[in-house]
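Counting with mature numbering (1 follows the signal peptide of the UniProt record, and there is no 0), you get residues -25 to -1, 1 to 298 for the letters of the sequence shown. The beta carbon of each residue, even a glycine, is placed where N, CA and C say it ideally should be. Since the model is a prediction, treat every value here as computed from it, not as a measurement. Each remark here refers to the structure printed beneath this line.
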Amino acid sequence: MHLAAWTPWCVALAALAALPSSTAAASSKNSKNAILLSKVQSLTLRAGKMTTHRRVAAVPQLSCTANPQRLCDLFTVDTMRCTNQGSGYDAEDIQWSCTASLPPEFKLGSTDVVCEGYSSADDPYVLKGSCAVEYRLVLTDFGERQYPDLAGEARKTSWGADKTFNWVFWCIFVAIALWILWAMFMGDGARDRGDRNNRPGGGFWGGGGGGGGGDGPGFGPDNDPPPPYPGTKQWGGQQQQQGWRPGFWTGAATGATAAYLASTRNNRNNRDNSSGYYGDQYGGGRRGGSTWGGSGGAGPSSSSSSVSSARQPSTGFGGTQRR
């Protein structure tokens, strides 16, 4: 009886709770300034221009990120065109390819399109004209030769993350090595205790003489004991043969160490061969010039040198975010 009386009130409260979201969706759908990104085929963004805004502050249409951030001071993208490449997880999770003209020292990395949700950050409709691009600027091989100090700074940043991994790896490796040593020590201790417990006493083999009254020849300290009889157990020999043997963790530690050393060697070779950083910095290196004080001229080592006047298209890829 009471349940039937409360049912209309529950339905009314549920309807009121759903009303704001449905009202917001209807408001977005009916507004001429609200659009679905799935309906947008391309975007053109320009440096120095600001986005439109409604709920939050306007942002620049183009913003640069880099590692190191000083790369963005060397060159600014003037115009970028992004093309709709289809949806991802849902119909409004649009993936983009963005193209701009860059000097040969640079290339585009990720290019993420960020738009303002019309009613909220979760609204599938976005405000028309509110989209911006956050692009990542990356040095090419030629750029690394032109700006070796910036290339080295970028490597140091990536090496910092590698150092953390190396520290964790060696902590685990040392712990496993200590465990193996402890297991070996405990195994040797148990074997020694077993040998002492099963070692025959001084008078075990020595003995009295034979029958009669004479002292027959016994097996004293100077005589060898008889061979073991069938069915007897050679406890001491078995324990000596059953010394510590490598197990799973030993193999795992050895394999992990070998893999780590191989990876470290490959990374070192790649760094030495990738951009000629050290060779260029010290006079040409392996690219034909003499090294360490020879007559070969050193490449530019300052980030103050100007970029090339030539331009070439570069394309980056990214997804959609809402603010």
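Counterpart residues of S76 in DSSP-defined beta bridges: Taking the first residue of the sequence shown as 1, we reach residue 76 at position 101. Residue pairing from DSSP places S76 in a beta bridge opposite P288.
Flag this pair as touching only if the stretch 119 to 129 and the stretch 42 to 52 have three or more C-beta atom pairs under 8 Å; answer yes or no. Short answer: they touch.
Pick helix, strand or coil for R30, following the three-state DSSP scheme. Taking the first residue of the sequence shown as position 1, residue 30 is located at position 55. Three-state DSSP puts R30 in coil, outside helix and strand.
According to DSSP, which residues form a beta bridge with A107? Counting from 1 along the sequence shown, the entry for residue 107 is found at position 132. V89.
Taking 8 Å as the threshold, find out whether the stretch 290 to 298 comes into contact with the stretch 70 to 88 through three or more Cβ pairs. Yes, they touch.
Should the stretch 113 to 126 be regarded as contacting the stretch 20 to 40, the criterion being three or more beta carbon pairs within less than 8 Å? Not touching, per the Cβ criterion.
Let me know the secondary structure DSSP gives F81 once reduced to three states. Within the sequence shown, the letter at position 106 stands for residue 81. In the structure shown, F81 sits in a strand (DSSP, three-state: E or B).
Report all residues from its chain with a CB closer than 7 Å to the CB of A75; omit the five preceding and five following residues, and keep chain order. Stepping through the sequence shown from its first residue, residue 75 is reached at position 100. Answer for A75: V52, T54, M55, L83 and S289, listed in chain order.
Which residue or residues does DSSP assign as beta-bridge partners of W71? Within the sequence shown, the letter at position 96 stands for residue 71. For W71, which the question treats as bridged, DSSP gives the partners N59 and G293.
Tell me the rounded alpha-carbon separation between L156 and I147. Translated into the one-based positions of the sequence shown, residue 156 becomes position 181. Translated into the one-based positions of the sequence shown, residue 147 becomes position 172. Roughly 14 Å between the two C-alpha positions.
From the DSSP output, in three-state form, read off A9 for me. Position 34 of the sequence shown holds residue 9. Under the three-state reduction of DSSP, A9 is assigned to strand.
Quick check: is the beta carbon of L77 nearer than 7 Å to any beta carbon in chain C? You won't find chain C in this structure, because it holds only one protein chain.
Hey, quick one: how far does the alpha helix (DSSP H) through R120 stretch, first residue to last? As a first step, residue 120 must be located in the sequence shown, where it is residue number 145. R120 -> alpha helix (DSSP H) spans D116 to Q121.
Count the other CB atoms within 10 Å of the CB of G61; is the residue buried (16 or more) or exposed (fewer)? To locate residue 61, count along the sequence shown from 1; it is residue 86. Under this definition G61 is an exposed residue.
Straight-line Cα distance separating D97 from I151: What you label residue 151 is simply residue 176 of the sequence shown in a count that begins at 1. What you label residue 97 is simply residue 122 of the sequence shown in a count that begins at 1. Each residue's alpha carbon lies about 48 Å from the other.
Which word fits L18, buried or exposed, when buried means at least 16 other C-beta atoms lie within 10 angstroms of its C-beta? Taking the first residue of the sequence shown as position 1, residue 18 is located at position 43. Result: buried.
Assign S3 to one of two classes, buried (16 or more other C-beta atoms within 10 Å of its C-beta) or exposed (fewer than that). Here residue 3 refers to the residue found at position 28 when the sequence shown is read from its first residue. With 16 or more other Cβ atoms inside 10 Å of its own Cβ, S3 counts as buried.
Return the chain-ordered list of same chain residues with a C-beta closer than 7 Å to the C-beta of I69, the five sequence neighbours on each side being excluded. Locating residue 69 in the sequence shown gives position 94, where the first residue counts as 1. The beta carbon of I69 lies closer than 7 Å to those of L12, S13, N59, S62 and T295 in the same chain, with the five residues before and after it left out.
What separation, rounded to the nearest whole angstrom, lies between the Cα atoms of E91 and P35? Counting from 1 along the sequence shown, the entry for residue 91 is found at position 116. Counting from 1 along the sequence shown, the entry for residue 35 is found at position 60. Near 13 Å, if we compare the C-alpha coordinates of P35 and E91.
Check A22 in the structure and name its three-state DSSP category. Translated into positions along the sequence shown, residue 22 becomes position 47. Here A22 sits in coil by DSSP.
Determine which residues share a DSSP beta bridge with A41 and list them. Taking the first residue of the sequence shown as 1, we reach residue 41 at position 66. In DSSP, A41 forms a bridge with L112.
What is the C-beta distance between F50 and P78, in whole angstroms, given that I count them as a contact (C-beta under 8 Å)? Locating residue 50 in the sequence shown gives position 75, where the first residue counts as 1. Locating residue 78 in the sequence shown gives position 103, where the first residue counts as 1. About 6 Å separates the two Cβ atoms, so the contact holds.
Alpha carbon to alpha carbon, how far is S95 from L20? If you number the sequence shown from 1, residue 95 lands on position 120. If you number the sequence shown from 1, residue 20 lands on position 45. Each residue's Cα considered, the two are about 23 Å apart.
Nearest-angstrom Cα distance between G118 and C39? As a position in the sequence shown, residue 118 is number 143, starting the count at 1. As a position in the sequence shown, residue 39 is number 64, starting the count at 1. Annotation: G118 to C39 spans about 17 Å, alpha carbon to alpha carbon.
Secondary structure of residue 299, DSSP reduced to three states: No information on residue 299 is available, as it lies outside the stretch -25 to 298 that the chain covers here.
With a threshold of 7 Å on Cβ separation, who are the neighbours of P99 within its own chain once the five nearest residues in sequence on each side are excluded? As a position in the sequence shown, residue 99 is number 124, starting the count at 1. Around P99: L11 and E67.
Just to confirm the assignment, what range does the alpha helix (DSSP H) spanning D48 have? Taking the first residue of the sequence shown as 1, we reach residue 48 at position 73. Per DSSP, D48 is one residue of the alpha helix (DSSP H) stretching across L46 to L49.
Taking DSSP as the reference, what is the three-state secondary structure of V101? The residue you call residue 101 lines up with position 126 of the sequence shown. The answer is strand: DSSP assigns V101 an E or B state.
Does the distance from the CB of L102 to the CB of N8 come in under 7 Å? As a working mapping, residue 102 is identified with position 127 in the sequence shown. As a working mapping, residue 8 is identified with position 33 in the sequence shown. Inclusion of L102 and N8 in the CB contact set at 7 Å is warranted, their separation being smaller than that value.
Determine the direct distance from the alpha carbon of V282 to that of V143, and round the result to whole angstroms. Working through the sequence shown from its first residue, we reach residue 143 at position 168. Working through the sequence shown from its first residue, we reach residue 282 at position 307. Taken atom to atom, the span from the alpha-carbon of V143 to that of V282 is near 41 Å.
Return the residue from the list V149, Q287, C57 and D124 that minimises the CA-CA distance to A107. Against the sequence shown, residue 107 aligns to sequence position 132. Scanning V149, Q287, C57 and D124 for the CA closest to the CA of A107 turns up C57.
Alpha carbon to alpha carbon, what distance is there between S72 and A285? By 1-based counting over the sequence shown, the position of residue 285 is 310. By 1-based counting over the sequence shown, the position of residue 72 is 97. Roughly 23 Å separates the two Cα atoms.
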